[in-house]
Amino acid sequence: MKRDFDEISDDEWVNHSFKPSRVLKSTPSSPPPIESFAFGTKTQQLLASGSPSSSSDDCADLEDDDVEQNNDRPVSLGNRARRFIIDDDDDEQPADDLELELEDEEELELELEDDDVIGKALQKCAKIAAELRKDLYGSTAVCCDRYAEVDSSTVRIVTQDDVDAACMVEVPDFQPVLKPYQLVGVNFLLLLYRRNIGGAILADEMGLGKTIQAITYLMLLKHLNDDPGPHLIVCPASVLENWERELKRWCPSFSVLQYHGTARSAYSKELSSHAKHGLPPPFNVILACYSLFERHSVQQKDDRKLLKRWRWSCVLMDEAHALKDKNSYRWKNLMSVARNANQRLLLTGTPLQNDLHELWSLLEFMLPDLFATGDVDLKRLLNTEDGDLIGRMKSIMGPFILRRLKSDVMKQLVPKIQQVKYVSMGKQQEDAYKEAIEEYRKFSHSHIAKCSDVNLTTVVGVLPRRQISNYFVQFRKIANHPLLVRRIYTDEDVVRFAKKLHPRGAFGFECTLDRVVEELKSYNDYSIHQLLLSYGVSDSKGILSEKHVMLSAKCQALAELLPSLQKDGHRVLVFSQWTSILDILEWTLDVIGLTYRRLDGSTQVTDRQTIVDEFNNDTSISVCLLSTRAGGQGLNLTGADTVIIHDMDFNPQIDRQAEDRCHRIGQTKPVTIYRLVTKGTVDENVYEIAKRKLTLDAAVLESGVDVEHQGDLSEMTMGEILSSLLKA
Ligand SMILES: Nc1ncnc2c1ncn2[C@@H]1O[C@H](COP(=O)(O)OP(=O)(O)OP(=O)(O)O)[C@@H](O)[C@H]1O
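Numbering (the UniProt record's numbering), first residue to last: 1 to 728.
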């Protein structure tokens, strides 16, 4: 059954006060105005870049003539660079001041350095923003708050009536009604389309309905602009079914083709010959997965070749943070297909993953001509500790990105309660952890002894990178579960097991006994246990017992927490980054006696939506185990009201995505998030790092966070953490 979504009503839009960059005022009869970073509608205030208290001009607010001048003569983008208004404060700058500031600025204009890619992008964005504003508010209106005042000959604002006419849904119990902020989103996309701007990012917080806004937008392109596509939608495998379902629900007249799995080879011949004969595509939308762009198999190359045959109207990337690395195969292969599209539309609730450099990859994908950087070393350029740079990045993204937070648009947003649950290791786990640290110390000290000029603080610089990462992963594993290393089964046990497993062909009959021994020695206790179990090997030491699964502090905590949550009527999503941990958690749940479902990367794509539906609809299923990677994005799991992050990611956005599987439209209960942290282990460092990264995210993407207040963004790297362990 569909639950109601509690959001701000039309009437309440009028009185609702938003955070600075989100000025939204409208009369109940008119739709809410378009909002994004660049379209501050009230203030024509001038701000000096790099000096928040002084004044400079706001390119987005310049009259057209000023912008032309601006582009004829390159501006300095150093301390006195021009930038858009990000925050719409209430104080209005008198018009005279504005002119004065402009003259002042012109004296300071300098040639841009050749490699000032950021400055150049900023300049181009300023022009685009000014044109968009002109579209929205006409050429004379410097200050205009409402759609009602927009010159309707330049831009056509769509309303719910247009949506009704376009969608023509035939399902009797379903009426597609957009929330007011969703209507704003659709108008934002249409505006960029009509302006022939080849890209946009819809970055609303997760669960606010980006899918629905994008689908309605495509529908309106057909209905109002006579553009039936073809469109290509690329998404993670887990949400393929969901996209098809929503497309059918919201625009049943669209013909949709799922280009994935075995079905795609059947289609590919037919489509190929269709395209070769120059026939119009027999679909409006093709749905494909990112995996199609990741490999170099013959089949995938052919698939991409086929996709390049069409001139796409819109190439839409869901969970578009997947494009954070412009050097990846995925980025390059997808770009080769999307390059000639009229528009590249990126949907992501977490556009900023780790650093500004990754954000730039998204921008470059969106508008390659505007954001191409050639050979420039962006990593060096986009240094996150440069406060001024964060302001400039906001300005650059301004015209193309629309981001609303749940707290902005939902009135009685169900609360999301965050809890960190510190757990203490028992003796066996603690011993395992200490042993691993000791071994690492010994290894490092012997290494240091060989390099006389190295002191303890820089020692990690002399260890091979792979070694650092191996040690770190080892520590994390033990902090999660001691069965993830080999400590219970000795080398002698392993030899004995190998002799029993070898004749059973456990590693293939062609494998020698020595090879089996070698292989088994690299296994952890849990994997050996599973192998013995699956081959029915009997041995004096034998398989592990239930008490072994409770050797980890986290499993013990779950054994207490989960039954009490179930008793109180809560339903839980448990996320882990490792499938081996999910295996152990399955065992834990069997021991506790709770019913569960599991979804990870190995789950058939066709089964994923079924698992989601089963969990959401069957309240007898208490827990859903998910891998953060396959289950953390796009899924709607509002059947749960509790999330447990078993092991945190360095990148907090990954965990945030996981949390928002149930904190989204359709959720009526308060949501509680538990993060499990094992005391006295590297878990604590990971948690600290994640917290700091979230500060950068807030500074770049959310208004009201001052760069000055973001705290220390310098991060402890894996290497630094290991260095500190040496000194302990
Ligand atoms: N206007 C609406 N009317 C009814 N249901 C809606 C509406 N908007 C969104 N929903 C429902 O809310 C849920 C969340 O929407 P959706 O999956 O599009 O969010 P999202 O922003 O894409 O989330 P994510 O970033 O996690 O992928 C879906 O079940 C969707 O059907």
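For each residue, glycine too, the CB sits at the ideal point set by N, CA and C.
| Asked | Found |
| --- | --- |
| GLY632 beta carbon near ligand 1 (any heavy atom closer than 7 Å) | no |
| Any 3 or more C-beta pairs closer than 8 Å across the segment 497-512 and the segment 592-600 | no |
| Exposed unless 16 or more other CB atoms sit within 10 angstroms - verdict on LYS269 | exposed |
| Among GLU519, MET550, PRO464, the one whose alpha carbon lies nearest that of HIS481 | MET550 |
| With 16 other Cβ atoms within 10 Å as the buried cut-off, status of PRO236 | buried |
| Rounded separation between LEU24 and LEU178 - CA only | Note that LEU24 has pLDDT 26, beneath the 50 cutoff, so the model's placement of it is unreliable and no number is given. |
| C-alpha gap between LEU122 and VAL409, whole angstroms | 29 Å |
| Supposed close pair THR628, SER576 - CB separation, criterion 8 Å | 7 Å |
| Closest by C-alpha distance to LEU208, when choosing among LEU370, ASN617, VAL285, LEU635 | LEU635 |
| Closest by C-alpha distance to PHE443, when choosing among GLN429, LYS427, LEU463, MET425 | LEU463 |
| Meets three-Cβ-pair contact criterion under 8 Å: the segment 422-438 and the segment 156-167 | no |
| ASP97 in three-state terms, based on DSSP | Note that ASP97 has pLDDT 31, beneath the 50 cutoff, so the model's placement of it is unreliable and no number is given. |
| Which residues DSSP lists as bridging ARG675, in chain order | VAL420, ILE645 |
| Option in ILE128, THR678, ARG608 with minimal Cα separation from VAL420 | THR678 |
| Helix, strand or coil at VAL473 [DSSP, three-state] | helix |
| Residues sharing a beta bridge with GLY199, DSSP | ARG344 |
| Length of the line joining the Cα atoms of GLU131 and PHE472 | 51 Å |
| Coil, strand or helix - VAL158 by DSSP | coil |
| Per DSSP, cross-strand counterpart(s) of HIS231 | VAL285, CYS314 |
| Beta carbon of PHE400 nearer than 8 Å to that of GLY185 | no |
| Coil, strand or helix - CYS662 by DSSP | coil |
| Heavy atom of ligand 1 within 7 Å of VAL163 beta-carbon | no |
| Range of the contiguous alpha helix (DSSP H) that encloses TYR489 | Run containing TYR489: none; DSSP gives neither H nor E here. |
| Proximity below 8 Å, CB of ASP655 to CB of ILE665 | no |
| Helix, strand or coil at ARG339 [DSSP, three-state] | coil |
| Residues near ALA275 by beta carbon distance below 6 Å, same chain, minus five either side | ARG309 |
| Selected residue, minimal CA-CA separation from GLU364, among VAL686, TRP578, CYS125, GLY631 | CYS125 |
| beta-carbon LEU208 near ligand 1 non-hydrogen atom, thresh 7 Å | yes |
| CA-to-CA distance, ARG404 to PRO351, given in whole angstroms | 12 Å |
| With 16 other Cβ atoms within 10 Å as the buried cut-off, status of LYS324 | buried |
| Pairwise C-alpha distance: LEU346 and ILE118 | 21 Å |
| Nearest-angstrom Cα separation, counted from SER522 out to CYS314 | 49 Å |
| Own chain, CB closer than 6 Å to ALA166, minus 5 neighbours either side, in chain order | MET219, LEU220, HIS223 |
| Three-state secondary structure (DSSP) of CYS511 | coil |
| Euclidean distance between Cα positions of HIS548 and LEU483 | 8 Å |
| Classification of ALA263 by the beta-carbon crowding that lies within 10 angstroms, buried from 16 upward | exposed |
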